[in-house]
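Taking it in order: structure first as structure tokens, then the write-up.
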Amino acid sequence: MHIGKFRKVIGGYAGRLQTLSLDLDIRVLPAGRKASATAPDWHVVLARGDARIDVGCGWTRTSDKAGPFIALLLDCPSFSRPLRANLMRSDRNPADHALLWSRSLPRPREAQP
58 MHIGKFRKVI GGYAGRLQTL SLDLDIRVLP AGRKASATAP DWHVVLARGD ARIDVGCGWT
118 RTSDKAGPFI ALLLDCPSFS RPLRANLMRS DRNPADHALL WSRSLPRPRE AQP
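So this is what it looks like as structure tokens:
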């Protein structure tokens with residue numbers, strides 16, 4: 058499901074996260090020097106005027122099918138659990154990116170003897 062439109066800008070990505078209950082101005086910014094190999098590559102911030110509020114992080118990934126993308130993890134105390142979505146480059150314009158989300162399905166329970 059498409060939940061946001063972003064554009065590559067100097068210093069990262071700028072766009073909007075839009076769902077039935079959210080409409081947020083978001084920036085995805087480089088994390089800078091990593092403390093470890095598993096540390097995030099990106100910081101996700103909510104842009105409110107001059108204030109920037111941390112709302113998540115992201116990791117640069119590559120897929121054979123889709124190519125490079127950013128796997129984002131967004132969180133907020135009002136969420137029942139973190140939201141995971143992928144920021145993917147558009148096929149039409151390399152500066153345009155889509156934020157894509159799909160609901161995780163519960164794992165089937167194994168039959169009990």
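Using the working numbering, you'd call the opening residue of the sequence shown number 58 and step up by one each time.
Ideal Cβ placement from N, Cα and C applies to all residues, glycine included.
Is the separation between the beta-carbon of residue i and that of residue j shorter than 8 Å?
| i | j | result |
| --- | --- | --- |
| His59 | Ala155 | yes |
| Phe126 | Leu144 | yes |
Can you round the beta-carbon distance between residue i and residue j to whole angstroms, since I take them to be within the 8 Å contact cut?
| i | j | result |
| --- | --- | --- |
| Leu130 | Gly106 | Between Gly106 and Leu130 the Cβ distance is about 25 Å, and since that is not below 8 Å, they are no contact. |
| Asp98 | Thr117 | 5 Å |
| Arg73 | Asp80 | 7 Å |
| Gly124 | Val101 | With 8 Å as the limit, Gly124 and Val101 do not qualify as a contact, their Cβ atoms being about 21 Å apart. |
When you compare each of the options to residue i by their alpha carbons, which one comes out closest?
| i | options | result |
| --- | --- | --- |
| Tyr70 | Ala88, Thr95, Ser137, Thr76 | Ala88 |
| Val66 | Arg160, Asp121, Asp153 | Asp153 |
| Arg160 | Pro139, Ala94, Phe63 | Pro139 |
| Arg84 | Asp148, Lys62, Arg166 | Lys62 |
| Asp82 | Arg149, Arg64, Arg146, Pro134 | Arg64 |
Based on DSSP bridge pairs, tell me the residues matched to residue i.
| i | result |
| --- | --- |
| Ala104 | Arg109 |
Is any beta-carbon of chain C found at less than 8 Å from that of residue i?
| i | result |
| --- | --- |
| Arg90 | You won't find chain C in this structure, because it holds only one protein chain. |
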